[in-house]
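For reference, the structure is listed below as structure tokens.
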Amino acid sequence: FYSFSGNIVIIPVLLSSEHRKKSNSPFMLNMAFVDILLCAFGFTVSVSYNLAVKSESTKDSLRCAWLAFINCFSGINSIATLTVMAAISYTGVTSLRAAQVQRFDSKKTAIIIAGIWIYSFVTTIPPAFGWNRFVPFLDGISCHPDWVSQKPADKAYIGFLVVLGFFLPMIIIVFSYLKTYGHATIPASLSNESVFRRQLETKRKTLRMVVAAILMFFISWSPYCIVSLIESAKGEVVLSPGVSMIPELMAKASVMYNPVVYTLMNARFRATLKRLL
Numbered sequence: 001f002y003s004f005s006g007n008i009v010i011i012p013v014l015l016s017s018e019h020r021k022k023s024n025s026p027f028m029l030n031m032a033f034v035d036i037l038l039c040a041f042g043f044t045v046s047v048s049y050n051l052a053v054k055s056e057s058t059k060d061s062l063r064c065a066w067l068a069f070i071n072c073f074s075g076i077n078s079i080a081t082l083t084v085m086a087a088i089s090y091t092g093v094t095s096l097r098a099a100q101v102q103r104f105d106s107k108k109t110a111i112i113i114a115g116i117w118i119y120s121f122v123t124t125i126p127p128a129f130g131w132n133r134f135v136p137f138l139d140g141i142s143c144h145p146d147w148v149s150q151k152p153a154d155k156a157y158i159g160f161l162v163v164l165g166f167f168l169p170m171i172i173i174v175f176s177y178l179k180t181y182g183h184a185t186i187p188a189s190l191s192n193e194s195v196f197r198r199q200l201e202t203k204r205k206t207l208r209m210v211v212a213a214i215l216m217f218f219i220s221w222s223p224y225c226i227v228s229l230i231e232s233a234k235g236e237v238v239l240s241p242g243v244s245m246i247p248e249l250m251a252k253a254s255v256m257y258n259p260v261v262y263t264l265m266n267a268r269f270r271a272t273l274k275r276l277l
């Protein structure tokens with residue numbers, strides 16, 4: 001409930017006049033929408049899946065496939081969105097230093113967000129068509145791709161998923177923020193230095209907020225990714241049913257953190273939220 005309501009509250013704040021024209025706002029809206037989608041159509045299905053008789057749940061391949069798909073899709077959509085936000089932070093600081101602020105028009109933003117959704121769909125959907133498969137967790141709470149299968153085709157999909165869904169975004173994010181930090185700490189050389197410094201400080205505050213959101217995402221998802229990679233390498237489940245719930249629930253909890261990060265680390269966001277409430 002907190003995840004759903006928290007992300008619902010984000011939407012009018014980001015659509016307000018104070019935030020609507022900021023370059024990162026459409027992407028923050030996209031993350032909020034995906035989290036709402038997961039809460040509404042993922043967690044609710046998960047509840048019905050778990051309320052079913054165990055033998056019935058095991059045979060319910062349609063609900064299992066949907067749970068695995070929506071969980072993977074939302075996670076990859078979020079990390080892809082965070083990757084784009086990292087790249088935008090980099091281009092924002094570099095264009096500011098060149099005294100030429102770069103803005104994304106609505107058409108370009110829509111194309112980028114559509115690309116994020118297509119990327120997430122293409123990365124997540126293959127098991128539904130026979131490249132790997134969606135199977136229940138050992139604890140039966142939810143479903144996921146078959147990490148332990150040793151079939152060459154199944155392992156190829158796991159490699160595809162891990163590279164495109166984790167390592168490639170991670171590399172781009174780290175590269176972008178290292179470059180952004182380097183540009184943000186170089187002394188200003190523009191004629192109107194005071195204006196530049198104010199603009200740069202605004203960029204830095206936004207940067208810190210985005211970095212916090214990224215860190216919370218990776219803290220949430222890293223245990224699940226690490227355990228899954230170990231299981232894929234060993235070809236067997238490495239955690240007991242009870243313990244395996246921990247990384248799974250940590251990953252699911254990622255939808256809770258963005259509202260907290262935005263509220264705690266953005267004074268304008270807090271002010272707008274108070275005004276709207």
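Residue numbers (my numbering): 1 to 277. Glycine included, each C-beta is placed from N, C-alpha and C at the ideal position.
Leu82 at chain D interface by Cβ criterion, 7 angstroms: Absent here is chain D; the protein component of the structure consists of one chain.
Boundaries of the alpha helix (DSSP H) in which Val122 is found, first to last residue: Segment Ser106 to Thr124, the alpha helix (DSSP H) holding Val122.
Asp105, buried or exposed, once every other Cβ within 10 Å from all chains shown has been counted against 16: The residue is exposed, with fewer than 16 neighbouring Cβ atoms inside 10 Å.
Contacting residues, own chain, Cβ-Cβ under 6 angstroms from Gly165 (five flanking each side not counted): Ile76 and Thr123
DSSP beta-bridge partners of Phe269: Bridge partners of Phe269: none, in fact.
Beta-carbon proximity of Ala86 to Ser220, cut-off 7 angstroms: No. Outside cutoff.
Residue from Lys234, Met256, Ser120 and Pro223 whose Cα sits closest to the Cα of Ser5: Met256
Candidates Ala233, Pro223, Asn24 and Cys39: closest to Ile8 by CA position: Cys39
Presumed contact (8 angstroms Cβ cut-off) between Leu229 and Val162, rounded CB distance: 7 angstroms
Thr180 to Ser25 span [Cα, whole Å]: 19 angstroms
Among Asp35, Glu18, Leu138 and Arg268, nearest to Lys205 - alpha-carbon criterion: Arg268
Buried versus exposed, by CB contacts within 10 Å (16 or more), Gly130: exposed
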